[in-house]
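**Student:** As numbered in the working numbering, residues 372 to 540 make up the sequence shown, in order. From the three backbone atoms N, C-alpha and C, an ideal C-beta is built for every residue, glycine too.
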Amino acid sequence: MFLVLFGVTLLVSSIGFKKYVWFISLGYGFSVCAIGITLTAVYFGQLFSSDKLGVLLKSAAKKKNPKRFVDTGLYRIVRCPNYFGELLIWTGIFVGGTTACVNVWQWIAAVTGYIGIVYVMFSGARRLEERQSRTYGNDPEYQAYFKKTPIMIPLIPLYSVIKWKWLVA
372 MFLVLFGVTL LVSSIGFKKY VWFISLGYGF SVCAIGITLT AVYFGQLFSS
422 DKLGVLLKSA AKKKNPKRFV DTGLYRIVRC PNYFGELLIW TGIFVGGTTA
472 CVNVWQWIAA VTGYIGIVYV MFSGARRLEE RQSRTYGNDP EYQAYFKKTP
522 IMIPLIPLYS VIKWKWLVA
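1) Quick check: what's the CA-CA separation for S334 versus Y454?
2) Determine, using beta carbons only, whether I522 and R450 come nearer to each other than 9 Å.
3) Counting along the chain, where does the alpha helix (DSSP H) carrying M492 start and finish?
4) Going by the CB atoms, is the gap between L538 and R502 shorter than 9 Å?
5) Would you call Y446 buried or exposed, if buried means 16 or more other Cβ atoms sit within 10 Å of its Cβ?
6) At a cut-off of 8 Å, would you count W461 as near the ligand MG, judging by its Cβ distance to the nearest heavy atom?
7) Going by DSSP in three states, C404 sits in which element: helix, strand or coil?
8) Just verifying my parser: in three-state terms, what is the DSSP assignment at I533?
9) How is T520 classed by DSSP in three states: helix, strand or coil?
10) Taking the straight line between their C-alpha atoms, what separation do you get for P525 and E500?
11) I'd like to check one pair, Y530 with K519: are the Cβ atoms closer than 9 Å?
12) Pick helix, strand or coil for P452, following the three-state DSSP scheme.
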C-alpha cells in the first residue's frame with residue numbers, strides 16, 4: 372500500500388515540477404488530497420461498514436436500543452464528541468491562521484471570531500444537555516454517566532453547562 376500511495380503522490384505532485392513555487396503550493400496540496408482520496412477508495416468498505424465503525428456512530432447505538440442514551444464509542448469519553456471535534460478544527464484554524472494577522476484589527480477579528488465559535492459550540496452543548504435531561508433525567512444510568520463524563524472536552528471536569536443561562540444562542 373505504501374508504494375501505491377507513494378506512486379499516487381509522485382504522479383499528483385508532478386503538477387508542481389514546472390516551477391518550485393507550484394510544487395510547494397499546488398503539488399503538495401493536491402498530493403495530500405490524493406492520499407486521502409486513494410485511502411478512501413481502497414478502504415471504503417472497511418471504513419464505512421457498520422460492524423467496524425458502528426461503535427463510534429450514534430445511529431448504530433440507537434438502532435440497538437432507541438430508548439437509551441448513547442454512551443459507547445466516543446460518547447464514552449465526552450458527551451458531545453461532535454462539538455468537541457468541531458472545536459478542535461476551529462482551534463487548529465485559529466492557531467494556523469494567526470501568522471496571517473499583521474495588525475491589531477486583524478487580531479481582534481480573529482480572536483472575536485474564535486470566541487464566537489467557542490460560544491456557539493458550548494451553546495449547542497447546553498441545548499443538547501437540556502434535551503437529554505428532559506429525556507433521560509430520571510434514568511439512574513444516565514445520571515451516573517452525566518456525573519462522570521465531561522460534556523465537551525475530555526479530561527476537563529466540566530460536567531454541565533445547563534445552569535449557564537448566558538449560553539443561549
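**Tutor:** Reading it off the structure:
1) One cannot answer for residue 334 here, as it falls past the ends of the chain, which runs 372 to 540.
2) yes
3) 475 to 507
4) no
5) buried
6) The ligand MG is not part of the structure shown, which contains no ligands of any sort.
7) helix
8) coil
9) coil
10) 16 Å
11) yes
12) helix
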